[in-house]
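Novice:
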Amino acid sequence: MVVENALSTPGARLIALAVAGSVDTAGLGIRMFDIPLELPAVVVGVAWHPRHDDDAAHTWLRGLLIESFARLPM
1 MVVENALSTP GARLIALAVA GSVDTAGLGI RMFDIPLELP AVVVGVAWHP
51 RHDDDAAHTW LRGLLIESFA RLPM
């Protein structure tokens, strides 16, 4: 089964893998546990066509993505 996001899971008997801190569990009835094994590192990147280098909207979005991922514990 695939769900769109964590908000789809309350009340369902599902297990999911998520980056710690990426899901706000407050009030959703979601419990988080550490997994009992070591997983390989995940590399996250951002790519875009060079014609968008100076585009204000792309610059804003890239900055938002980089800032958001920098806050996640990895």
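Final position of the sequence shown in the UniProt record's numbering is 74; the numbers increase by one with none missing.
No residue lacks a Cβ here, since even glycine has one placed at the ideal position from N, Cα and C.
Determine the direct distance from the alpha carbon of Leu-14 to that of Asp-53, and round the result to whole angstroms.
Specialist: One C-alpha to the other measures close to 41 angstroms.
Novice: Taking Ile-35 as the reference, which of Asp-55, Val-19, Leu-64 and Phe-69 has the closest Cα?
Specialist: Checking every option, the nearest Cα to that of Ile-35 belongs to Val-19.
Novice: Rounded C-beta distance between Val-43 and Phe-69? I'm assuming under 8 angstroms.
Specialist: Contact doesn't hold; Cβ gap of about 11 angstroms is too wide.
Novice: Assign Leu-64 to one of three DSSP states: helix, strand, or coil.
Specialist: Three-state result, Leu-64: helix.
Novice: Compute the Euclidean distance between the alpha carbons of Asp-55 and Val-46, then round it to the nearest angstrom.
Specialist: Computed Cα separation, rounded: 15 angstroms.
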